[in-house]
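Reading the sequence shown from the start, the letters are residues 1 to 393 in UniProt numbering.
Using N, Cα and C, we set each Cβ at its ideal position, and we do this for glycine too.
Encoded as structure tokens, the structure appears first; notes follow it.
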Amino acid sequence: MRTRSLLFSKVMEFVVRAAPASAGPSHLMSPLRTWTRRRQLTVLGTNYPSMLHHYSCTMASRKDKNLTDTKKAALQVGGGRSLVAFYADNNVVPLPSGHRFPMEKYRATRLMLEEDASMEHILITRPAPFVSVQEILLVHEERYLHSILNGSLDKKEQNNIGFPWSPELVNRTRASMGGTVAAMHSVMLGLRRAAANIAGGTHHAFSDHGEGFCIFNDIAIAARVALEDYSEKCNLDQPILVIDLDVHQGNGTAKIFEGDDRVITFSIQGANNYPWRTRMKSDYDVDLPDETGDDAYLAVLSEWLQKLFTLHKPSLIFFQAGVDALREDSFGRLSMSRQGLLQRNNMVYSACLTRSLPLVITMGGGYSRPSDASVVAHADVYRSAALRYSAMS
Numbered sequence: 001m002r003t004r005s006l007l008f009s010k011v012m013e014f015v016v017r018a019a020p021a022s023a024g025p026s027h028l029m030s031p032l033r034t035w036t037r038r039r040q041l042t043v044l045g046t047n048y049p050s051m052l053h054h055y056s057c058t059m060a061s062r063k064d065k066n067l068t069d070t071k072k073a074a075l076q077v078g079g080g081r082s083l084v085a086f087y088a089d090n091n092v093v094p095l096p097s098g099h100r101f102p103m104e105k106y107r108a109t110r111l112m113l114e115e116d117a118s119m120e121h122i123l124i125t126r127p128a129p130f131v132s133v134q135e136i137l138l139v140h141e142e143r144y145l146h147s148i149l150n151g152s153l154d155k156k157e158q159n160n161i162g163f164p165w166s167p168e169l170v171n172r173t174r175a176s177m178g179g180t181v182a183a184m185h186s187v188m189l190g191l192r193r194a195a196a197n198i199a200g201g202t203h204h205a206f207s208d209h210g211e212g213f214c215i216f217n218d219i220a221i222a223a224r225v226a227l228e229d230y231s232e233k234c235n236l237d238q239p240i241l242v243i244d245l246d247v248h249q250g251n252g253t254a255k256i257f258e259g260d261d262r263v264i265t266f267s268i269q270g271a272n273n274y275p276w277r278t279r280m281k282s283d284y285d286v287d288l289p290d291e292t293g294d295d296a297y298l299a300v301l302s303e304w305l306q307k308l309f310t311l312h313k314p315s316l317i318f319f320q321a322g323v324d325a326l327r328e329d330s331f332g333r334l335s336m337s338r339q340g341l342l343q344r345n346n347m348v349y350s351a352c353l354t355r356s357l358p359l360v361i362t363m364g365g366g367y368s369r370p371s372d373a374s375v376v377a378h379a380d381v382y383r384s385a386a387l388r389y390s391a392m393s
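Right, dumping it as structure tokens:
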């Protein structure tokens, strides 16, 4: 027990040091005033501060006889202050020897979190449900969907995606998508203030094709499901905001929501990074030069978060938390430290916490070789979220 207490103290010390100075200690250790003013409601047996419309949405969903697997998964985990994180790595995909995609990082990240004693009571991990065909069709064209499901992709399409087709790949993809949709339901039903997917962030997938190791677009699917399932009375009366901090532009997400003012896309990326030929126009794009380090990156992010939240007053946030801006990354071209990335994460969490906004966290890219540095940085994303959100009353 003493070892666990010491470890918890060290982790908390690291997170507090990395939190933005503007956040102040109250963001870690005391209730937010905006939350304490809200009515205290008991949601699924947990004393959880939630607005009445969230409570009514939860109760209506529990009575719905046609629940999707993704919504069932959210309801089965229930409510509480701990962070729920869905995972898809139980669906193993066979890849050719020497394949460049670091598929092992997903399981390694989850195990690092599950073996961390400081996460024992504040992080819940659950296998992700499969996304349904109907949910996928809210974003992706039917021809493309069925070419993935039945393996009729031609060689060029497979090469653009970067994975050889297999039934296992289909299952893994549906679980990766389902984890983000289930996380979205968790927060939109008022069960959690933040929920996560230890997968996803597949922002290079377009409605009619995939590329860059992305088959379907989980954030786009989850956002469309949210728009379908949650009316204004369920607090979706303002735009959804996608904060994409992967070092590569979220070109697929940008194209899918082009001209749709219900979803605002914001992407900070390396100016000289992939995608080169298929770059799209996000609502807001910020290009950073090679070797951008912590100070410059965090200054830009701080300024933009303030602008975006003030201008758009979003109802729901998706955080694509790729860690390929890390200096050890093979493809990233930027020069951020682990500490800088943790400060980045905390900036996003603080922006959501201070405004009592529901947050969905996805994984995104991370390509250090060996994968150790990326795995540690990925685990930091979820660990710091669990610590921050569980500390709130």
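Quick test of your reading: residue i and residue j, contact by CB under 8 angstroms. State the CB separation rounded to the nearest angstrom.
| i | j | result |
| --- | --- | --- |
| Y382 | L83 | 7 angstroms |
| I198 | A205 | About 18 angstroms separates the two Cβ atoms, so there is no contact after all. |
| E168 | N91 | 7 angstroms |
| A182 | A128 | 6 angstroms |
| Y297 | L308 | Incorrect: roughly 16 angstroms between the Cβ atoms, too far for contact. |
| L138 | E228 | 7 angstroms |
| S267 | D285 | 5 angstroms |
| A88 | S147 | Rounded, the Cβ-Cβ distance is 21 angstroms, inconsistent with contact. |
| A386 | I161 | No, A386 and I161 are not in contact; Cβ-Cβ is about 32 angstroms, not under 8 angstroms. |
| E114 | T125 | 6 angstroms |
| V133 | L145 | 7 angstroms |
| L149 | V170 | 6 angstroms |
| I361 | A194 | 7 angstroms |
Counting C-beta neighbours from all protein chains within 10 Å, is the total for residue i 16 or more, i.e. buried, or is it exposed?
| i | result |
| --- | --- |
| residue 427 | Residue 427 lies beyond the stretch modelled for the chain, which goes from 1 to 393, so this question has no answer here. |
| F86 | buried |
| G365 | buried |
| N345 | buried |
| N47 | Confidence at N47 is low in this model, with a pLDDT of 32, below 50, so its placement is unreliable and no value can be given for it. |
| G80 | buried |
| K156 | exposed |
| P96 | exposed |
| P358 | buried |
| D246 | buried |
| R388 | buried |
| T310 | exposed |
| E120 | exposed |
| G98 | exposed |
| E135 | buried |
| R39 | Confidence at R39 is low in this model, with a pLDDT of 27, below 50, so its placement is unreliable and the value that follows should be read with caution. By the neighbour-count rule (16 or more Cβ atoms within 10 Å), R39 is not buried but exposed. |
| R355 | exposed |
Within its chain, find whatever has a CB closer than 7 angstroms to the CB of residue i; leave out the 5 residues flanking it on each side and keep chain order.
| i | result |
| --- | --- |
| S166 | V93, P94 |
| T253 | H203, N217, I219, A220, V242, D244, T265 |
| G179 | F86, Y87, A88, A128, N197, A199, G200 |
| D283 | I264, T265, F266 |
| R110 | Y87, D89, T125, I198 |
| M112 | V375, A379 |
| S337 | D294, R327 |
So which of the options has the shortest CA-CA distance to residue i?
| i | options | result |
| --- | --- | --- |
| K105 | R388, Y389, A377, L387 | A377 |
| V300 | G340, Q320, K313 | G340 |
| V187 | A226, G151, I161, N159 | A226 |
| Q249 | A271, L236, Q238, V263 | A271 |
| G322 | K71, I240, G200 | G200 |
| R379 | K71, A108, S97, Y144 | Here the sequence assigns Ala to residue 379, which means Arg is not the residue at that position. Selected option, being the one with the closest Cα: A108. |
| N159 | A194, R100, S132 | R100 |
| Y274 | F331, T125, L191, E303 | F331 |
| D69 | R174, L149, G98 | R174 |
| T278 | T310, R333, H209 | H209 |
| C234 | G98, E303, H185, S132 | H185 |
| G212 | A385, F163, R338, V131 | F163 |
| L353 | H140, L305, V77, D261 | L305 |
| F319 | M363, S356, R333 | M363 |
| R192 | K71, G78, R333 | G78 |
Once you ignore the five residues that flank residue i on each side, which residues in its own chain have a CB closer than 8 angstroms to its CB?
| i | result |
| --- | --- |
| A21 | A caution first: A21 carries a pLDDT of 42, below 50, which makes its placement in the model too unreliable to give a value. |
| S374 | P102, K105, V323, D324, L326, E328, D329, G366, Y367, S368 |
| D143 | Reading off the sequence shown, one finds Arg at residue 143, where the question assumed Asp. Excluding residues within five positions, the ones whose Cβ falls inside 8 angstroms are D208. |
Which same chain residues end up closer than 6 angstroms to residue i when comparing Cβ atoms and leaving out the 5 residues on each side of it in sequence?
| i | result |
| --- | --- |
| M280 | N251, A254, K255 |
| A73 | P129, A182 |
| S335 | E291, G293, R327 |
| D329 | Y367, S368 |
| I240 | A223, V263, L316 |
| K313 | Q238 |
| S371 | P102, K105 |
| T42 | Residue placement at T42 is flagged as unreliable, the pLDDT there being 30, under the threshold of 50; the coordinate-derived value follows with that caveat. For T42, where only same-chain residues beyond five positions count, there are no Cβ hits under 6 angstroms. |
| P25 | Unreliable placement is indicated for P25, whose pLDDT of 33 sits below 50; no coordinate value is reported for it. |
| A23 | With a pLDDT of 42 at A23, under the threshold of 50, the modelled position of this residue cannot be trusted; read the value that follows with caution. So the list reads S350, once near-sequence residues are dropped. |
| E303 | none |
* Every unbroken alpha helix (DSSP H) inside the stretch 209–245 [4 residues or more] -> 218–229
* Asked: Considering only residues of the stretch 63–126, which uninterrupted alpha helix (DSSP H) runs meet the minimum length of 4 residues and lie entirely inside it, listed in chain order?
  -> 69–77, 104–114
* Kindly provide the ranges of any alpha helix (DSSP H) runs that are 4 or more residues long and lie completely inside the stretch 119–179, ordered along the chain. => 133–136, 142–149, 155–161
* To do: Could you name each continuous alpha helix (DSSP H) segment of 4 residues or more that falls completely within the stretch 294–346, going from the start of the chain to the end?
  => 294–312
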